[in-house]
Ligand SMILES: Cc1ncc(COP(=O)(O)O)c(C=O)c1O
Ligand SMILES: Cc1ncc(COP(=O)(O)O)c(C=O)c1O
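Protein chains in written order, with our numbering: chain B, 7 to 499; chain P, 7 to 499.
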C-alpha cells in the first residue's frame, strides 16, 4: 500500500505497481549462485576485455557451470544428424546421411502431429519416446520393468524437479511441507523451495568421507525438522553436484529404508548417471536398488527419479531435454500431475527427439555405431582423466583439500582462509569464499562459484569448479588457482 | 496427518505420502480445458479406431487446439533449413543450402557457447537474438525504440506469462493480488492464477459487439473486486483467443488510460499479432499505442507484452520459442526477474534460434526471400479464407450465432440448447456444452472444446473451434457440426 503512494524515481506520484516491496516475497527469497553476482561480473569483464581494457589475462575461463559444449566439447555426430533430418525432412533424400540416422528421424517424425517437430506433443511427452525411455531404464536396471505411463518428458531435468516439488508442497505453519536436501546442494533445490514457500531441511554430507551420505545425519536433520515442519520429501543427488561423490549400493539401500521408515517421498536426481570415473565406483539407480529390496519396498516407496540430456557424454544443455520416472504415485495424484503439465502445453519437441536418441543410441549392427562409440568413449575417458588430474593437483596445494572426483563434473575442494582474509571479507560485506572467488576472477580471469552458494558447514570454505575445460586449459586453470591460493594466503598472513 | 495413517488402496498401513488430500491444494484448483476430459476421450477414440472398433466415422478431427502443423500446415522452408544447419553445422559445406540460410545459421552459432546450440545460453536469452527482437519491434511499431535489455526470451509465451504473473502475486486475504482477465479467456491464465493462489477477476467481453472490450465492464469488474482483493494486473489478449476479435486502436488507448488511472500492471498477450483477417481490422501493439499517447503514459505504465513462435504464419509450437518485452519495470524488480529466470537455466536454444528467424526473416535482396514470402502469404491468405467460411457457414445454422473471425485462429460461436438437453446434461453431471461437445465427438469424431472451459456468461453456451483444418476438411467439419446441431436440437425438443 505504501508503495502505491510514494514517489519512486520521481516517475509518478503513486510510484510503480511492481516494486521490491510489492512483489512476490517468495521470489525475493530465491537465490541462485551458479548464475549469481560472480558470473555477472565475469560477463562484465569479458565485455571490458573486448573493449580493449587491459587485464592481467586475455580471456575469462568460466569453470562455474556444467556446460560441456561451451567448454569446447563436440556434439555426438549421430544425434545432430538425426536432429537435422527432423528439422528439415527434405534431407531424408540426401545420400550423405547414414541409413540408421534416417530411420530414427523417420520414426520420430511419424510420432509427431502432422509429422512435424513443430507440432505440440502430448503434455506428458511423445508416446513412442516414453516407450524408448522405459526400455532404456529396463536395460539399465537389468530387466526391472518400467512403465511408459510412469515416464514424463520435461524441459530439462530442472522442469521435472520443480513440478514434483510443487505437487508435494502444502500445509501452513508447523504443518508446512519440509524437504530434505543435501548440503552442499545444487541450488535449483533451495531456489525451488523458496519459490514454493516450502521448508528446506539441510542434511550435511560427510566431507571427511568423500562427501558420503550418512544415515545418522539424515536422522538428526529429520528429528530436528519435525519440531517446526512436516518433513515429507527426501532429495538425493547421485552422482553428486557439487561434490562429485558416487553413492555405494549399501548407502542407497540405507536411504531407501530410511525413506520408508520415515514415510518420505524420494526424489533421486540422477542426471550424472553416466559420469562415473573412480575405480571401484559404479552407478546404481535408486529404482534398481528399490526393486531389489523386494515388494515390501518396491510396492510402497514413492519415488521420482530424474534424467537429462544436459550431462553425461552428450552435454546437450541447450536442447532442454529430460524425463522423470515416477513410481508408486497415487492414481488420483497422477491425474493432477498430468493436468499440471498440460498448462504449459508440452516440453520442447527437439529436446524430446534428442532424448529419444540418448535412450536409444546406435546399435552394434547399425552403420553409425562405431563412430558413436568412439565419440562417447573419448568424452568419458577424457573426463575421467581430468577428474584424476584435478584431485591430484589440488591436493599438492597447502590449504586446499580435495576429495576424489568419483563422478559428475565438479570438484568442491575445501580451502583454508587466513583470519585476516575472513576479516577483510566481512569488512567488505562479502562472505569469505565469495571474496576469494572475486579476487581470483579479477586477478586471473577464472570464474568459480563460492562454496557458500551451495551451502557448507559453518566456518568451512569451498569453491566449486567444473572439470570441463579441455585438458590443456584445465591444467593451466589448476596451476593458476594453485598460485593464486599461495599468493592470497601470503597476502593475508 | 490423517492421510499418513489410513490405508490407501491397501498399499501400506500408513498410506501414501502424496495423496489428493495431502497434495498442493492450489494445483488441485487448476483447470485446463484445452487438454481436458474431452481431449482425453478423443485420444481414446483414436486408439479404438486403430484397434478396429467400428464408429460412425473413420478419423477424429481435433479442432480443439491451435496446433497448425498437426493440422497439416507445412513449416516455412527457410526456417527449417537454418535450424538444420544449426543442428548439424557440417551442412554449412553443402551447396544445396542457400547462402542466406547459411549466413543466418553462422551468426546464431557464433552467438552460442562453443558455437553449439547444445550449450546453455544466458538465462535472459542469447544477446544478439534479443537485439534482433528489439529491432523487429522497432520496425513493427514505426520506429518507437525497443531496448534489448527489456527483452526476455522464453519457453513459449506460456513460460513468460507465468513468470510475470509469479512476480506480481503477493499479499494475504483482502490484500491478495487480483488479476483481471477477459471472459472468455485462454485457460493458461486461470490455471496460472489458481496455481499461484492469486484472485481471478473476470471481465466479460461483449458478445453482441464482436467480443469487444468495454471499459464500463472493466470498471464494474474492478470496483467489485476491490471489495475483496487488491487488483494490480490487467491481462488482455489481442487478437483474442478464444474469441477471434481484433481490438481497435481506440479501445487499446482506453485500456491503457484505464490501467494508468487504476494503477494496474498491463499484460498484453499478442501471440496472434500476424493473424488479422477482417477488412478494416489491423493489429496495433499495446507498446506502440502506449508510446503514441506521450511520455505521461510511456514513462509510467508498466507493461509486459508477449509473443511466440507457435502461431501467426509459422505455427512452430513444438519448438517452444517466445519472448516478452517488459517496459517501465523497476530496476530492482528487474534484477529479481533475471534471478528468477536463471533458476531454470535458459529457454531451449533451438526455440531461440527459430525466434531469431521469425523476427529477422529473409530480406528482399536475399535468395530465400521469394519462397519465404510465397509460403507466408499462402498460409495467411488461406487462414483468412477459412475465417470467412467459418463465420458464413455457422451463421446459416438456426441456433448457432457466430461473430466474425477477425483474427487469431478460433471461433467461439454461441449455441442455443433446448431445455431438455440442459436437463439431460445436469442429470449426467455434465455442464450442458460439455454434454453437447461429447455427443458431437462420439457421433461425428469432431473434437471441440466446450465454452465452459474458457468461461462465458451464466446461461449462455458456446464451443471453441480452430479454423486450422485444411479448407476441404474444414468444410466437412462445418457441415457435420451443422447437421449435428440440427439433429441434437430436434432430439431434445
Ligand atoms: C544435479 C543437477 N540436477 C539437475 C540439473 C538441471 O539440468 P537440466 O535442467 O539442464 O537438465 C543440473 C544441472 O546442472 C544438475 O547439476
Ligand atoms: C492467447 C495465447 N497466449 C499464449 C499461448 C501460449 O503459446 P506458447 O506457449 O506455445 O507460445 C497461447 C497458445 O495457444 C495462446 O492462445
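Beta carbons: idealized from backbone N, C-alpha and C, even for Gly. Since we're looking at a predicted model, the values are computed, not measured.
Asked: Spatially closest choice to residue 122(P) from 397(B), 308(B), 324(B), by CA coordinates; Found: 324(B)
Asked: Beta-ladder partner(s) of residue 456(P), from DSSP; Found: 469(P)
Asked: Cβ of residue 400(P) within 7 Å of any chain B Cβ; Found: no
Asked: Residue 494(B) versus residue 435(B) - alpha carbon distance; Found: 18 Å
Asked: DSSP-derived helix/strand/coil call for residue 9(B); Found: Because residue 9(B) carries a pLDDT of 41, less than 50, the predicted location of this residue cannot be relied on, and the following value inherits that uncertainty. In this structure, residue 9(B) counts as helix in the three-state DSSP scheme.
Asked: Identified DSSP bridge partners for residue 411(B); Found: Its beta-bridge partners do not exist; DSSP assigns none.
Asked: Alpha-carbon spacing of residue 273(P) relative to residue 412(P), whole angstroms; Found: 21 Å
Asked: Contact with chain P by residue 348(B), beta-carbon distance below 7 Å; Found: yes
Asked: When 444(P), 291(P), 481(P) are compared against residue 152(P), the one with the closest alpha-carbon; Found: 291(P)
Asked: Three-pair Cβ contact test at 8 Å for the stretch 175 to 191 of chain P versus the stretch 232 to 245 of chain P; Found: yes
Asked: Alpha-carbon spacing of residue 472(B) relative to residue 196(B), whole angstroms; Found: 20 Å
Asked: Meets three-Cβ-pair contact criterion under 8 Å: the stretch 96 to 116 of chain P and the stretch 397 to 412 of chain P; Found: no
Asked: Neighbouring residues, chain P, relative to residue 113(B) (Cβ below 7 Å); Found: Neighbours of residue 113(B) on chain P: none; closest Cβ ~16 Å, over 7 Å.
Asked: Assumed close pair residue 256(P), residue 217(P) - CB separation to whole angstroms, cut-off 8 Å; Found: In fact, because the Cβ distance is near 16 Å, the residues do not count as touching under 8 Å.
Asked: Beta-carbon contacts of residue 289(B) that lie in its chain and below 6 Å, excluding the five residues immediately before and after; Found: 279, 282
Asked: Any C-beta of chain B under 7 Å from that of residue 336(P); Found: yes
Asked: Within-7 Å CB hit, residue 342(B) to chain P; Found: yes
Asked: Between the CA atoms of residue 497(B) and residue 491(B) - distance to the nearest angstrom; Found: 10 Å
Asked: Residue interval of the beta strand (DSSP E) (run including residue 237(P)); Found: 236 to 243
Asked: Reduced DSSP category for residue 448(B) - H, G, I as helix; E, B as strand; rest coil; Found: helix
Asked: Touching by the beta-carbon criterion (3+ pairs, under 8 Å), the stretch 291 to 310 of chain P and the stretch 340 to 351 of chain P; Found: no
Asked: Nearest neighbour of residue 336(P), chosen from 308(P), 365(P), 328(P) [CA to CA]; Found: 308(P)
Asked: Cβ-heavy atom distance, residue 323(P) to ligand 2, below 6 Å; Found: yes
Asked: Counterpart residues of residue 417(P) in DSSP-defined beta bridges; Found: 471(P)
Asked: Chain B contact residues for residue 455(P), given Cβ-Cβ distances below 7 Å; Found: Neighbours of residue 455(P) on chain B: none; closest Cβ ~13 Å, over 7 Å.
Asked: Between the CA atoms of residue 232(P) and residue 12(B) - distance to the nearest angstrom; Found: Unreliable positioning characterises residue 12(B) in this predicted model, as indicated by a pLDDT of 43, which lies under 50. The coordinate reading is nonetheless provided below. Taking the straight line joining both Cα atoms gives about 21 Å.
Asked: Backbone secondary structure at residue 381(B) - three-state DSSP; Found: helix
Asked: Top-ranked residue by Cα proximity to residue 286(P), from 444(P), 372(P), 253(P); Found: 253(P)
Asked: Selection of the stretch 366 to 389 of chain P by Cβ proximity to chain B, strictly under 8 Å; Found: none
Asked: Residue 260(B) and residue 221(B) closer than 7 Å at C-beta; Found: yes
Asked: C-beta contact flag for residue 322(P) and residue 360(P) at 7 Å; Found: yes
Asked: Close beta carbons around residue 297(P), own chain, < 6 Å, minus the five adjacent residues each side; Found: 150, 304
Asked: Inside the stretch 130 to 162 of chain B only - beta strand (DSSP E) runs reaching at least 3 residues; Found: 157 to 161
Asked: is_contact[residue 322(B), chain P] using C-beta, thresh 7 Å; Found: yes
Asked: Proximity test, residue 127(P) beta-carbon vs ligand 1 heavy atom, cut-off 6 Å; Found: no
Asked: Cα-Cα separation between residue 320(P) and residue 82(P), rounded to whole angstroms; Found: 6 Å
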